[in-house]
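Per my numbering, the sequence shown starts with residue 8, numbered consecutively.
What follows is a set of notes on a single structure, which appears directly below.
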Amino acid sequence: MTFSTGTVNPAVLTARNAVLATFFLNGFAFATWASRIPSVRHALGLGPAQLGLLLLAASIGAVLALPSSGGSVQRFGARRVVMVAAGVEALGLMLVAVGAGVLETVPLTAVGLFLVGFGTGTWDVAMNVEGAEVERLLGRSIMPRFHASFSLGTVAGAGVGALVTFAGLGISWHVGAVALLVLALGGASVRGFLAVEPHADDAPPSHALKAWTEPRTLLIGVMVLAMALTEGVANDWLGVAMVDGYGAPAWLGAAAFALFVAAMTTGRVFGTNLLDTFGRLPVLWGSMAVAGVGVLLVVLGQVTVLVVLGIVLWGIGASLGFPVGMSAAADDPAKAAARVSVVSTIGYTAFLGGPPLLGFLGSHFGVLEALLVVSLILVPSAFAVPAARKQEAAGPAL
């Protein structure tokens, strides 16, 4: 697999390191919240359906942010968009810390989660556009490693979450401290971004809307939607499923989430070699199969060794779909911002529909059994994978 250029110079390498740093910070911030979901549920006294509705607040924020994020990156540049988004997410985390950890009130917590989602969604598009340009300039598959840095951040965030939960540290102290950390480091992490935003003037604003009419872009979005659901369900519900389905303590639920993101990080680090060797399509189909088997083992395994194996396979299988989808959407750098925004918007609807869907199913069948919906959705989504085939910048859209 080849890319359009192979420019390796200090500025590109510096940008690569900066992208790795901002992906890590974004992942750490997200996992801080995700690792405390069981604790927040207990503090607010929520059932599965009510928790699903609360989680929906973050998803709504992300989905509302995504459609305009591509235009913002094109106009203001990825660096400035990430800085603003990090500030919004930090504010959201602080409101969650106060709402869930101090006042124990659902409305304030929901407002905080909305801002967390809005900041995360905006941040996500900007860093993926920057990462896609760095990948193009380097001339080799590296996007999964950027997402591996995000996953490594989630490993660190989930690990810290498990430890502080085990130690009995309150939600307010933990999440509030991370909010201040994100506010302080959000700007510092992007200092090495490319000084001149590539292709910022190549595409008129109408491309942001035109991208919604491209069959290839929409199909990539469908594939990313399925893989985002595969990842998002584990992020939101794996810890809760371990507590409700297997009677595990809250700290062990957080540890199960940490194991999932550790497996996903491993898949993203080593997946770049598979992509360069076999290409996007075989790797994506294989990832879907591995993730489906992992979910089945988590739900039906019932014994520790099988459940642990299932979590690992689930994480590995979920590792490549989202980053490969971002790379595919950005094959033409002149239209990357608009297409990444469209694909991200479609993909994030998994986070919009996933929490209430799992909450509804969990209320009727149990949270653990509700996880099986992931395996079912992966089957039809496999038919959208061919849209991710490498497309040259000058090539026509499928």
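For each residue, glycine too, the CB sits at the ideal point set by N, CA and C.
Note that this is a predicted model, so its numbers are computed, not measured.
- Annotated three-state conformation of residue 149 is coil, per DSSP.
- Closest in C-alpha terms to residue 336, from the list 260, 352, 16, comes 352.
- By the CB criterion at 8 angstroms, residue 182 and residue 103 fall inside the cutoff.
- In terms of Cβ geometry, residue 68 and residue 124 form a close pair [threshold 8 angstroms].
- Taken in chain order, the unbroken stretches of alpha helix (DSSP H) that lie wholly in the stretch 212 to 292 and span 4 residues or more are 213 to 217, 222 to 253, 257 to 285.
- In the DSSP assignment, residue 96 falls within the unbroken alpha helix (DSSP H) covering 85 to 108.
- Less than 8 angstroms divides the Cβ of residue 99 from the Cβ of residue 122.
- Assignment of residue 26 by DSSP, reduced to helix, strand and coil, places it in the helix class.
- In the displayed model, residue 33 falls within a helix according to three-state DSSP.
- Sorting 160, 106, 127, 16 by C-alpha distance to the C-alpha of residue 270 places 160 at the top.
- For residue 290, the CB contacts under 8 angstroms within the same chain, skipping 5 residues up- and downstream, are 278, 281, 282, 327, 331 in chain order.
- Proximity to residue 90 across 143, 250, 197 peaks at 197, based on C-alpha coordinates.
- Counting C-beta atoms within 10 angstroms of its own C-beta, residue 35 has 16 or more neighbours from the protein chains shown and is therefore classed as buried.
- Collapsing the DSSP output to three states places residue 342 in a helix.
- Taking residue 398 as the centre and dropping the five residues before and after it, the same chain places the C-beta of 338 closer than 6 angstroms to its C-beta, in chain order.
- No Cβ-Cβ contact shorter than 8 angstroms links residue 109 with residue 218.
- It is roughly 36 angstroms from the alpha-carbon of residue 374 to the alpha-carbon of residue 286.
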